[in-house]
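Numbering (my numbering), first residue to last: 7 to 462.
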């Protein structure tokens with residue numbers, strides 16, 4: 007499958023031609039994205055959109071959103087899958103591997119370093135000061151992503167309605183993310199069938215995509231599944247690695263059900279890790295979440311923190327730090343390799359669907375719902391950055407269980423003036439003055455650190 011789809015696929019659209027991406031340019035761009043991908047999937051998607059659509063024209067807007075819609079349907083970190091998809095489109099399997107790895111590796115290195123400090127000193131409080139200003143700047147990136155995607159995606163009243171409905175379903179009703187996406191897909195498909203004719207000329211599908219072989223795809227899928235589970239087979243044959251093998255098997259299962267991002271499974275992982283396996287002490291999962299939220303890359307990297315502590319504490323015959331690094335890397339392997347499998351096995355078929363109006367309409371509906379999803383993430387993230395206390399107010403008296411309808415509402419008295427000031431300054435620098443993103447992030451991080459060190 008290597009090189010099966012590249013820059014030529016879809017580049018022939020006259021209204022939005024796509025530029026060729028040299029391989030080393032791809033490496034450089036995604037290395038930069040991987041180092042700057044703070045703030046969760048909304049900010050990460052925004053960074054990729056700005057880099058590959060706005061600045062370098064590697065993908066047309068429609069192509070980017072088509073890929074994003076597919077990734078939102080998959081289990082696992084959608085931003086990493088999108089990076090893999092983009093790399094695969096431009097340079098086949100090697101491009102997908104490089105882009106996906108570069109999106110994850112900077113954050114993994116950082117989480118391993120922070121987990122080592124935590125395991126040795128049991129103190130994560132200093133991180134709050136170090137990254138206080140960084141979060142305020144990231145909030146600007148998230149809001150810019152919502153505005154930009156909404157302007158370019160919500161071209162009809164139907165799509166606007168879907169975006170609003172998705173936002174309400176998630177932020178107010180607390181409905182499961184997969185359900186929202188599936189309903190949006192069905193609504194888009196039904197709406198397309200009611201139209202008298204396609205509103206757009208179908209995109210041409212590349213010859214490479216049309217020649218996809220089912221047998222070859224199944225062989226490729228079997229190969230990547232073997233690669234994914236190879237460490238488990240090695241661990242089973244090693245003496246004293248029982249805990250690592252159990253951990254690898256557990257996180258492999260988690261990788262198949264992590265729809266809706268890391269928060270969808272963190273509560274369950276915390277319960278199993280603390281109560282069932284006793285890998286962590288109560289409260290340590292929250293410390294790990296704090297570490298993951300202050301590192302670049304997917305939030306699901308918090309699972310590598312869990313793997314680090316398992317390796318640090320439970321592998322006989324190894325130095326604890328070496329065992330911790332091994333545990334973190336095994337967890338990352340179990341968590342992220344499936345994302346490559348979904349792309350390499352499924353993306354060729356998704357590319358073929360771009361020429362079918364009804365399927366394209368369903369994917370456009372998913373994209374509209376994604377705008378609502380990102381708006382939900384942006385509002386949730388913004389409330390928690392600017393206010394020290396945020397509560398969920400139930401809409402139905404007495405109904406306070408998980409998934410119950412309600413509103414996230416801040417305690418106004420807990421507004422952080424410094425966070426608000428840094429957010430406004432970063433918005434001015436990024437949106438108005440167009441200052442380089444790296445400079446703004448560094449300036450805000452330094453300002454936040456100095457503010458905390460001054461005792462405020």
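Yeah, the Cβ is synthetic: ideal placement off N, Cα and C, and Gly gets one too.
For clarity, every value in this text was computed on a predicted model and none was experimentally measured.
Kindly indicate which three-state DSSP category residue 44 falls into: helix, strand or coil?
coil
Report yes or no: do the region 138–153 and the region 44–57 share at least 3 C-beta pairs separated by less than 8 Å?
yes
So is residue 460 buried or exposed if we call it buried at 16+ other beta carbons inside 10 Å?
Flag for residue 460 reads exposed.
Return yes when the Cβ of residue 381 is within less than 7 Å of the Cβ of residue 194, no when it is not.
no
By Cβ distance below 8 Å, which residues in the same chain neighbour residue 364 in space, the five residues on each side in sequence not counted?
195, 198 and 199
Might you give, ordered along the chain, the residues of its own chain that have their beta carbon closer than 8 Å to the beta carbon of residue 178, omitting 5 neighbours on each side?
401, 411, 412 and 413
Tell me, please, which residues DSSP counts as bridged to residue 2.
Residue 2 cannot be examined here, being either before or after the span of the chain that is shown, 7 to 462.
Return the bridge partner residues of residue 421 from the DSSP annotation.
393
Classify residue 127 as buried or exposed, calling it buried when 16 or more other Cβ atoms lie within 10 Å of its own Cβ.
exposed
Cα-Cα, which of 169, 64 and 36 is closest to residue 105?
36
Looking at the unbroken alpha helix (DSSP H) that takes in residue 145, where does it start and where does it end?
In the DSSP assignment, residue 145 falls within the unbroken alpha helix (DSSP H) covering 138–159.
Please name the residue, chosen from 420, 378, 73 and 287, that lies closest to residue 389 on a Cα-to-Cα basis.
420
Leaving aside the five residues before and after residue 286 along the sequence, list all residues of the same chain whose C-beta is less than 7 Å from its C-beta, in chain order.
For residue 286, where only same-chain residues beyond five positions count, the Cβ hits under 7 Å are 279, 280, 312 and 315.
Should residue 350 be labelled buried (16 or more other beta-carbon atoms within 10 Å of its own) or exposed?
buried
Less than 7 Å between C-beta atoms, sequence neighbours within five positions excluded: which residues of the same chain meet that for residue 446?
Cβ contact annotation for residue 446 (same chain, cutoff 7 Å, sequence separation greater than five): 143, 432, 435 and 436, in chain order.
Measuring alpha carbon to alpha carbon, tell me which residue in 110, 158 and 246 is nearest residue 374.
158
If residue 59 sits next to residue 65, beta carbons under 8 Å apart, how far is it from one beta carbon to the other, in whole angstroms?
6 Å
With a cut-off of 8 Å, do at least 3 Cβ pairs link the region 337–345 to the region 70–89?
yes
Are the beta-carbon atoms of residue 32 and residue 101 separated by less than 7 Å?
yes
Do residue 396 and residue 423 have their beta-carbon atoms positioned less than 7 Å apart in this structure?
no
Ignore the nearest five residues each way along the sequence and tell me which others in residue 368's own chain have a CB closer than 6 Å to its CB.
191, 194 and 195
Please classify residue 167 as buried or exposed, where buried requires at least 16 neighbouring CB atoms within 10 angstroms.
exposed
Is it the case that the Cβ atoms of residue 118 and residue 251 are separated by a distance below 7 Å?
no
In terms of residue numbering, what span does the alpha helix (DSSP H) encompassing residue 302 cover?
From DSSP, residue 302 is part of no alpha helix (DSSP H); its letter is neither H nor E.
Under three-state DSSP, which class holds residue 244?
coil
Assign residue 248 to one of two classes, buried (16 or more other C-beta atoms within 10 Å of its C-beta) or exposed (fewer than that).
exposed
For a quick check, are the C-beta atoms of residue 155 and residue 377 less than 7 Å apart?
yes
Just verifying my parser: in three-state terms, what is the DSSP assignment at residue 380?
helix
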